[in-house]
Every structure is written in C-alpha cells, then in structure tokens.
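Each residue of the sequence shown is one higher than the one before, starting from 0 at the first, in numbering that gives the first Met the number 0.
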Amino acid sequence: MWPVHQRPVRSNQPAPPFNAPAARRLRTALNMGPEHVAHGLRVSYGLPYVSPDLVLAWERGSVAPSSPELTALAGVLWCSPGEITGPPHTLREHRVARGLAPEDVARTVGLEFLAYRHMEEHNAWRGNERQSATLADVLDLSLPDFVTVTGREPKLAELLRSAVTTRWQAYVRPVAKTVPLDRHLLQDALQSLHQEYQGQMVASLSWGDGNAASASSDAGREFLDRIVDHFWAAVQDNTG
C-alpha cells in the first residue's frame, strides 16, 4: 500500500467540492471501517495506493479526493457522487455530482468531446439554445444553476443593477434574453426588485441624522452586491 504522500500524479483539473463529514457519516452508517473502504477501492476500483490512512485523510479534510477517487468512493459507499460533494457551482461540478462521464454529456447535448471538454475546463459554455436546454435537462439544473453554469450570471447582474437604479421597464427584454422566464413573471420580478431597492434607499435617507447619506450608500451597495440573489428571491415570491 502506498502512503498518502505517494498518490499518483493526477490531472491538473480541480477536484470537485468534497463533503468530508457526509462521507464519514455514510461509512459509519454502513458499519464500515476505513480499512474496508480502502480495500474496496483497491480491489473493485483499481486504486492500489489507497490505504486506511488516505481514507481518514479524506474524512478529516486534510486531503481532497480527485474526481476518479470521489466517483470510486461513492461506489464503495453505495451512494451517488452528489451525496459526498458540496453544492456544485461549475459545469464540471454539476456533471460530477450527477455521476456522468464527460463523453456522455458531450454526446447527449450534441457536441464534439474536445469542444465540450474545453468548455468544462474553462467553465465557459458556448452551446446553442437547443444544446443549452438539453444540458439543463441532463444535469437537472435549476434555472439559477443554469444561468451560473452557462456563464450568464455576470451579464444578468449588470442588467439587474441598471434595472433597479433606473427604469426597470427598459430592461425586461434584455433580461429576457439572458434568463428564459415567462415575460409576465419577469416583469413582476423586476418591478418588485426595483421597488425593494428604491424603498430601501428612501427609508435610509429618511432617518434624519448626519449618517443618513452614508447609511443609504452602504445599504444600496450591499443590495447591489447581492442583486442576483435578490432577483431569484423575487422570482420565487412572484411564482404561482
């Protein structure tokens, strides 16, 4: 068995976020010791260097498993990779959480493998509308996740900041091109967002003391910094 520091060299790709406490809980629930997990990884998944010490290092958070190690660990623990990862944020992390190979995702969405891999490595989605819809389906993406994964969030944030600080009506169409939402729902969300921001600014300025302008500026800046979160909350509030 190889010591922890003699693991083979892996890809330069960052490992997916690993939920160490979840992995430990699952192992304990299965009444398995670190030695049982290590044995399963060596025998069933062809990872001859895995030792009980390495398994414990993963669970302590001192070492993070690579993508192949995480997928194999999920197999030994009888769970999906998503159960032992943190919340996914990137295209690659969502794929790993679903336990899918990049070749399978590329084929399903209709992309050449190398083109898809380049998008994943640079977290820069370039698929067309049909491919984007297929991607959202195969990775089971929520709309907020879809916007983040496809790299649209910075543009959305820019549009939303302009919408709440000026006339929100002028930004319905630009936002609609970025976020595939029902137009009426989008209008309601933008109007609510605009009213919330403007109401907050007016309330801050009405305090009537010497710090009012500074407080208003701080409140406005904080709101704008989290504008995308406020947008999704407004969409949720206006749904139904």
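C-beta atoms are modelled at their ideal positions from N, C-alpha and C, and glycine is treated no differently.
Shown here for C78: same chain residues with a beta carbon closer than 6 Å to its own, the five before and five after excluded, namely L25 in chain order. With contact defined as three or more Cβ pairs closer than 8 Å, the stretch 44-55 and the stretch 95-102 are not in contact. Between D139 and Q235, the alpha-carbon positions lie close to 18 Å from each other. Secondary structure at T133: helix, using DSSP grouped into helix, strand and coil.
In this structure the stretch 159-169 does not lie against the stretch 133-148, because fewer than three pairs of beta carbons, one per stretch, are closer than 8 Å. Relative to the Cα of E157, the nearest Cα in the group V75, R91, Q130 and F230 belongs to F230. With the rule of 3 Cβ pairs closer than 8 Å, the stretch 81-95 does not count as touching the stretch 28-39.
With contacts defined by Cβ atoms closer than 8 Å, V227 and L159 form a contacting pair. Within the DSSP secondary-structure output, T84 pairs in a beta bridge with F17. For M118 and D136, the gap between their C-alpha atoms comes out near 18 Å. Shown here, D187 sits in a helix according to DSSP, grouped into three states. Distances from the alpha-carbon of P67 to those of S141, P101 and A233 put P101 closest.
In the three-state scheme derived from DSSP, where H, G and I count as helix and E and B as strand, H121 is classed as coil. Non-local C-beta neighbours of Q186 in its own chain, meaning closer than 6 Å and more than five positions away in sequence, comprise V171, ordered along the chain.
The C-alpha of Q197 is placed about 43 Å away from the C-alpha of A21.
One Cα belongs to R23, the other to H93, and the distance between them is close to 22 Å.
Here the C-alpha atom of N30 lies approximately 25 Å from the C-alpha atom of P16. Secondary structure note for G39: its alpha helix (DSSP H) is the uninterrupted segment P33 to Y44. With respect to the C-alpha of A188, the residue from F112, G219, A232 and T164 having the closest C-alpha is A232.
Here DSSP, grouped into helix, strand and coil, assigns A156 to helix.
Where S66 is concerned, the enclosing alpha helix (DSSP H) starts and stops at S66 to V75.
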